[in-house]
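Position in the sequence shown counted from 1, then plus 230, gives you the working numbering.
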Amino acid sequence: MNQSRMCEHKLDDVTVVIPTYNRSEELARALNSLVVQTDRDFDVIVCDDGSTEDIASVTHSFANSLRLQLLRIDNSGGPARPRNTAIQATRTRWVSFLDSDDWWFPERMARVKAELDEDCDIVYHQLSVERADRSAFAKPAHGASLGDALRVADPLTHMIRFGNPLPTSATTVRNELMQTIGGFEENRELASVEDFDAWLRLASRGVRMKMIPERLGAYWVGAEQISTFNPHQYERQRNLFQRQLQLLPLSYRALAQSNFSYLLGSYALDLGLPGAREHYRDISLRLEPVRWVKARLRLLRLRAKNP
């Protein structure tokens, strides 16, 4: 296995970080997508989260095609720790995240590198949703796009009001910023939302973001991921919002309380869980008049159905 020959520091030097657990075939697909990049001047670190499959054989088969380093850790049960382990080993100016079941289109790295400069801290793009279940009712739908343009100039305000605009496999961040925030939160109570937690912490530091409005990769939804939202994910979202209400700058907390309450109330109603009324009570009419009205209308419709 080649140890990564880290690039001399240049404005656009990048390390691709890939966490994986027992996804040999998917990992090979992801690595193949790196081999066919039109710009192949980058490093790759794969961190194996204690797989029982032979991940080393997969990475070894790419040793002559990529500047690739394999790290292995005991199983942590999620992508946060393997990502963090790889980030700690990264020596380039930028870190670009790719989940092992996703892949990039050939021009992706070249397009991203063209946008890396001293005036931005995060560059991201859209992903095309590719899923095993192509039912018209599946969400996100097969062929849909992930990755949203900011609706307001301030990234933190956008994230508080409209949610996570950054698909992890579409995001490239200054390495020093990821180091500064301590990487991704490894608490299992935030599993599957640890990426949004990291982006919120970065946005709280005033990061400058640049979006490429093109689909430059694919987000895979496998058969085991058919359910897009369930009570467990609702709990993780609630854990995330409770944590962020303690971490966000004071000037954003009232706005966050209103919007997080609206989202949690809506999730609870959609899932048939109790608590929607309690969440909706925390929406500020002054800060979010439209959402305040929407919440009341939803509650009225609920009462009409269940008098």
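Built from N, CA and C at the ideal position, the CB exists for glycine as well.
Nearest residue (CA-CA) to residue i, options the options
{"i": "P249", "options": "R404, A448, R468, S306", "result": "S306"}
{"i": "A484", "options": "A506, I390, S399", "result": "I390"}
{"i": "Y492", "options": "A421, R473, Q467", "result": "Q467"}
{"i": "G280", "options": "A286, V265, Y251", "result": "Y251"}
{"i": "R338", "options": "N394, A400, V523, Q299", "result": "A400"}
{"i": "D347", "options": "V265, R438, G377", "result": "R438"}
{"i": "Y354", "options": "L376, P370, A371, P336", "result": "L376"}
{"i": "L419", "options": "Y464, T387, N394", "result": "Note that residue 419 corresponds to Glu in the displayed sequence, not to Leu. Among Y464, T387, N394, the Cα nearest to that of E419 is on Y464."}
{"i": "F471", "options": "N294, G393, G502", "result": "G393"}
{"i": "G412", "options": "D378, L529, D427, H509", "result": "D427"}
{"i": "R511", "options": "N489, P443, L503", "result": "N489"}
{"i": "A260", "options": "P479, L380, V423, G447", "result": "G447"}
{"i": "D555", "options": "L328, P336, S295", "result": "Within the shown structure, residues of the chain are numbered from 231 to 537, placing residue 555 beyond reach of any answer."}
{"i": "D349", "options": "L527, E256, V359, D242", "result": "D242"}
{"i": "R302", "options": "L478, A421, I285", "result": "I285"}
{"i": "V433", "options": "A498, H462, L477", "result": "Just to set this straight, residue 433 is Ala in the shown sequence, not Val. Looking at the Cα atoms, L477 is the closest of the given residues."}
{"i": "A371", "options": "R528, Y449, R507", "result": "Y449"}
{"i": "R473", "options": "S481, P443, A486", "result": "A486"}
{"i": "S263", "options": "S295, A506, V423", "result": "S295"}
{"i": "A421", "options": "Y482, G308, D378", "result": "G308"}
{"i": "L529", "options": "L517, Y497, R516", "result": "Y497"}
{"i": "K440", "options": "L380, P461, Q299", "result": "L380"}
{"i": "P504", "options": "L532, Q267, Q409, P385", "result": "L532"}
{"i": "L499", "options": "P461, S254, P443", "result": "P461"}
Supposed contact pair residue j and residue i - C-beta distance, whole angstroms, cut 8 Å
{"i": "R361", "j": "V451", "result": "4 Å"}
{"i": "L357", "j": "P397", "result": "5 Å"}
{"i": "N405", "j": "T320", "result": "6 Å"}
{"i": "R313", "j": "F414", "result": "5 Å"}
{"i": "G495", "j": "A534", "result": "Not confirmed; about 17 Å, so no contact."}
{"i": "V244", "j": "W324", "result": "5 Å"}
{"i": "E416", "j": "A316", "result": "Wrong, their Cβ atoms sit about 13 Å apart, outside the cutoff."}
{"i": "D363", "j": "E256", "result": "That belief does not hold up - the Cβ atoms of D363 and E256 are roughly 16 Å apart, past 8 Å."}
{"i": "V359", "j": "G373", "result": "6 Å"}
{"i": "I352", "j": "T402", "result": "7 Å"}
{"i": "Y482", "j": "L407", "result": "Wrong, their Cβ atoms sit about 19 Å apart, outside the cutoff."}
Delimiting residues of the beta strand (DSSP E) encompassing residue i
{"i": "E444", "result": "439–451"}
{"i": "I275", "result": "273–279"}
{"i": "L357", "result": "352–361"}
{"i": "T402", "result": "401–404"}
N- and C-terminal bounds of the alpha helix (DSSP H) containing residue i
{"i": "D242", "result": "It is not in any alpha helix (DSSP H) - D242 carries neither H nor E in the DSSP assignment."}
{"i": "H372", "result": "Segment: none, H372 is in no alpha helix (DSSP H) and carries neither H nor E."}
{"i": "F426", "result": "424–433"}
{"i": "E518", "result": "Note, E518: premise wrong, no alpha helix (DSSP H); not H, not E."}
{"i": "A260", "result": "254–265"}
{"i": "T387", "result": "385–392"}
{"i": "R418", "result": "Taken as a continuous stretch (DSSP letters only), R418 belongs to no alpha helix (DSSP H), as it is neither H nor E."}
{"i": "A506", "result": "506–510"}
Could you name each continuous beta strand (DSSP E) segment of 3 residues or more that falls completely within the stretch 276–322, going from the start of the chain to the end?
297–303
Is there contact here, the stretch 273–288 with the stretch 332–347, by at least three beta-carbon pairs under 8 Å?
no
Only counting runs of 4 or more residues, tell me where the alpha helix (DSSP H) segments fall wholly within the stretch 323–351, in order along the chain.
338–343
Give, in chain order, every unbroken run of the beta strand (DSSP E) that is at least 3 residues long and sits entirely within the stretch 464–501.
none
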